[in-house]
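Chains as they are written, first to last, in our numbering: chain A, 1 to 343; chain B, 1001 to 1343. A virtual CB, placed ideally from N, CA and C, is assigned to each residue, including glycine.
Protein chains: 2
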Amino acid sequence: MDKEITIYDIAKGVGFSPTTVSRALNDHPAVNKKTKQRIYDIAAQMGYRSNLFASNLRRQHTNTIGVIVPILNSNFQSSVMAGMEKVANEAGYNLIISQSLGTMEKEIANAKTMYNSRVDGLLVSLSHDSESIEHFEPFFKKGIPVIFYDRVAEHKQSTSIVIDNVQAAYKATTHLIEQGCRNIVHITGNLKINVYTDRLKGFKYALVDNDLPYKKASVIATDLTEEAGIKAAEQILKMDPRPDGIFVANDFCAVNCMKALKQAGIAIPDDIAVVGFNNDPITRVVEPNLTTIDYPGYEMGEVAARNLTNYLDALSDVNITNTVTLRSDLIVRESSLKKKLKK
Amino acid sequence: MDKEITIYDIAKGVGFSPTTVSRALNDHPAVNKKTKQRIYDIAAQMGYRSNLFASNLRRQHTNTIGVIVPILNSNFQSSVMAGMEKVANEAGYNLIISQSLGTMEKEIANAKTMYNSRVDGLLVSLSHDSESIEHFEPFFKKGIPVIFYDRVAEHKQSTSIVIDNVQAAYKATTHLIEQGCRNIVHITGNLKINVYTDRLKGFKYALVDNDLPYKKASVIATDLTEEAGIKAAEQILKMDPRPDGIFVANDFCAVNCMKALKQAGIAIPDDIAVVGFNNDPITRVVEPNLTTIDYPGYEMGEVAARNLTNYLDALSDVNITNTVTLRSDLIVRESSLKKKLKK
DNA sequence: TTGGTAATTGCAACCGATTTCATAAATTTG
DNA sequence: CAAATTTATGAAATCGGTTGCAATTACCAA
């Protein structure tokens, strides 16, 4: 097995001190250009690779960004991560990733690991049942930047990257109303999470602004899983009068709900129009194609990572921006286009 | 900002030397139990956290596993990663992740970064156009374990985690034949990649074993994207005689091909039966539901990571296993069940 | 020639934990 | 009770870069 080459070996090779070698390798301006070149050449020739621990130990930073996600294998989250990885990689940062699997317990453990791994910054989407963000206090105390995205929490020391969930839900609901729906049901997730409370707000506001009554019974809170969609469908079928529109806070759940309704003989969109949320690929596969909100995951990942790397590289000196809101649009497809409006 | 607590601070606090503190914290047997307990208590009380760089620098390992994937945002890959993360996390390893975006160039750069980050081991799924694995030589030379999964390459020093693609494709094709198909088309990906050549082999063997002719014209090599599926459908529509079965090496492509065929008035499965590959969630959404091969991504991630951590923790002393083959099954759904066989 | 400044380079002290070797104290054995 | 072990602890070297400060040389103007 090859022995590892150090700057001391290089120093011996070129007849300069380790100090100069170190400086040359870091492109320090106080080193003669010719010296630098010679050192580069010899280093390359000897197959030198820098020892990041030694460097990190001395410099007190790691060039590593921690990411904590609820779950990796969802279309949205993996898109986010793809965007993050691209930006982080380009900026010279490594990404270390862990999933909370939706529990606060694991999120706390992960935060601790990240803290011990001394990440330079943290990108977090909160778990389903995270009721506090106390476990990030150590980061705040030590001035390690934490950026929340999608599922965020308010904190004066952290930035949040979100879409305007209220507005998006408002658009979605308004669209249903424009299609003639007068009795709309909203299927949502855990109402402790900002995204779902905001979407509920948008739903409510749209009703009110269109002089439609808002009834608590029209909101079905679920865990947004496959089964939840089916159960919600059953619940809807029992309602009297039967709803004529559904706004679901998640595509996957929406699709399963739709399937169950179709099996029960409901015509979509004519009997019931459906709108989802996220623009998951399945929305273009299900029949009829699902109207949904385009939630730009990849872009969100890029923005979150860029925000962090800029801050770390002191490109953005102060952390002025507290919230970044990305645009999100309604994508209209057949699942919500009632016939009477079609030509 | 809090100052960082070191073992020296603790040493001062308890009146023992840093040596003893270090040993106590690592649960070394040569430290008195009472001493240990006192050190634990004080460490906790002072809010001590170990400095991983110092430790890594001295110990020459990082407790970090590098993962290089072609692309993060695919259902299969993110499932794999979810499985990996779970196992690695439990075994006390961090995962650093990078994507090659399908190009060998970026894969080489990523490998270099991982090498410099001194990962303890590497988990790799090769990029589309990786024609050699020379860029992993430094790892092999230094004895750093590299495990390939899904898209693998032969190397005497590395383990591969795969499914039996030949057998899976054989099953899929045989199933189509059993359904009465006599003129089957195979849509595949880049034939330089093991998974696709193997699937092609399975396709071929199944034909031969059933006394059906294998024609080169029946194999459509594509990039398996959404558009590729549509283009392939157009190509199929022009064929004379028209095929009665399609075996696609990827669900996403299969679904789009199916949609295009349906639009052209083809009845599925009666005119043409379709089988996909991967068991992506969309297979249960498309109509008719797509018959496919269950490719256990999550499990593959678990197995790959476990294999690596066991090796690193010297639980499996020698690297005996060179290839691990996971089981994969055919899941039959409506897209391939021709009427005449239905009751 | 002299004083002064800029350009290069090196010494040595870190960063914080681990580990070899030696030592002191406690315990067992003959 | 002396000798041989065992148990518990510490001093100091080490891992491989980085960096404050000092030293040397080169260069320029007066």
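Checklist entry - Going along the chain, which residues of its own chain have a beta-carbon closer than 7 Å to the beta-carbon of Tyr-1115/B, five neighbours each way excluded? => result Pro-1138, Phe-1139
Checklist entry - How many Å lie between Ile-97/A and Ser-160/A at the Cα? => result 19 Å
Item to check | Helix, strand or coil at Gly-83/A according to DSSP, with G and I counted as helix | outcome: helix
Checklist entry - DSSP state of Phe-1148/B, grouped into three classes? => result strand
Checklist entry - Among residues of its own chain, excluding the 5 on either side of His-1135/B, which ones have a beta-carbon nearer than 6 Å to its beta-carbon? => result Ile-1108, Ala-1111
Item to check | Selection from Asn-1194/B, Leu-1312/B, Ser-1017/B that minimises the alpha carbon distance to Val-1119/B | outcome: Leu-1312/B
Next on the checklist: Residues of chain A with CB closer than 7 Å to the CB of Gln-977/B, please, in chain order.
Outcome noted: Residue 977/B lies beyond the residue range present for chain B, which begins at 1001 and ends at 1343; the question has no answer from this structure.
Item to check | Spatial neighbours of Ala-1260/B in its chain, beta-carbon cut-off 6 Å, leaving aside the 5 residues before and after | outcome: Ile-1230, Ala-1233
Checklist entry - In terms of DSSP beta bridges, what is Ile-1187/B paired with? => result Ile-1220/B, Val-1248/B
Checklist entry - So, is the C-beta of Gln-368/A closer than 9 Å to a C-beta in chain B? => result Here chain A covers residues 1 to 343 and nothing more, so residue 368/A does not appear.
Item to check | Rounded C-alpha distance that separates Lys-1201/B from Asp-270/A | outcome: 48 Å
Item to check | Assigned secondary structure, Leu-1308/B (DSSP; H/G/I helix, E/B strand, else coil) | outcome: helix
Checklist entry - Under 7 Å Cβ-Cβ, which residues of chain A neighbour Glu-1287/B? => result Glu-287
Checklist entry - For a contact meaning CB atoms closer than 9 Å, what does Arg-1049/B contact in chain A? => result Lys-112, Tyr-115, Asn-116, Arg-118, Pro-138
Item to check | Environment of Arg-1306/B [buried if 16+ CB atoms lie within 10 Å] | outcome: buried
Next on the checklist: What residue range does the beta strand (DSSP E) around Thr-1035/B cover?
Outcome noted: Segment 1033 to 1046 is the alpha helix (DSSP H) holding Thr-1035/B; no beta strand (DSSP E) there.
Checklist entry - Under 8 Å Cβ-Cβ, which residues of chain B neighbour Ala-264/A? => result By Cβ distance, chain B contributes nothing, its closest Cβ being about 16 Å from Ala-264/A, past 8 Å.
Next on the checklist: Classify Asp-251/A: buried if its beta carbon has 16 or more other beta carbons within 10 angstroms, exposed otherwise.
Outcome noted: buried
Item to check | Alpha-carbon spacing of Asn-1073/B relative to Pro-288/A, whole angstroms | outcome: 25 Å
Checklist entry - Roughly how many angstroms lie between the CA atoms of Gly-180/A and Lys-338/A, to the nearest whole one? => result 8 Å
Next on the checklist: To the nearest angstrom, how far is the alpha carbon of Val-1346/B from that of Leu-1237/B?
Outcome noted: Because chain B in this structure spans residues 1001 to 1343, residue 1346/B falls outside the shown range and cannot be described.
Next on the checklist: I'd like to know whether the C-beta atoms of Asn-89/A and Thr-1113/B end up nearer to each other than 9 Å.
Outcome noted: yes
Item to check | DSSP state of Asn-279/A mapped onto helix, strand, coil | outcome: coil
Item to check | Closest Cα partner of Ile-981/B within the set Glu-1131/B, Ile-1177/B, Ile-1065/B | outcome: No answer is possible for residue 981/B: the residues shown for chain B start at 1001 and end at 1343.
Item to check | Interface residues of the region 1005 to 1018 of chain B facing chain A [CB-CB below 9 Å] | outcome: none
Next on the checklist: Let's test the definition: count the other Cβ atoms within 10 Å of the Cβ of Gln-99/A and tell me whether it reaches 16, buried, or not, exposed.
Outcome noted: buried
Next on the checklist: Check whether the region 1275 to 1294 of chain B and the region 1044 to 1062 of chain B touch, using three or more Cβ-Cβ pairs below 8 Å as the test.
Outcome noted: no
Checklist entry - Tell me which same chain residues have a C-beta within less than 8 Å of the C-beta of Lys-1343/B, skipping the five on either side of it? => result Unreliable placement is indicated for Lys-1343/B, whose pLDDT of 42 sits below 50; the coordinate value is still reported in the next sentence. Correct list: empty, nothing qualifies.
Item to check | Contacts around Ser-22/A, its chain only, beta-carbon distance under 7 Å, and the 5 residues preceding and following it disregarded | outcome: Ile-7
Item to check | Top-ranked residue by Cα proximity to Lys-1141/B, from Val-80/A, Leu-308/A, Glu-4/A, Glu-154/A | outcome: Glu-4/A
Checklist entry - Is it buried or exposed for Pro-1145/B, if we count other Cβ within 10 angstroms and need 16 for buried? => result buried
Checklist entry - Which partner residues of Gln-1099/B appear in the DSSP bridge assignment? => result Val-1069/B
Item to check | CB contact below 9 Å: Tyr-298/A versus chain B | outcome: yes
Checklist entry - Quick one: what does DSSP say His-94/A is sitting in, helix, strand or coil? => result The sequence shown places Asn at residue 94/A, rather than the His named in the question. Three-state DSSP puts Asn-94/A in a strand.
Checklist entry - In whole angstroms, what separates the C-alpha of Glu-1334/B from that of Asn-1183/B? => result 19 Å
Next on the checklist: Spatial neighbours of Ser-50/A within its chain, please: C-beta separation below 8 Å, excluding the five flanking residues on both sides.
Outcome noted: Leu-25
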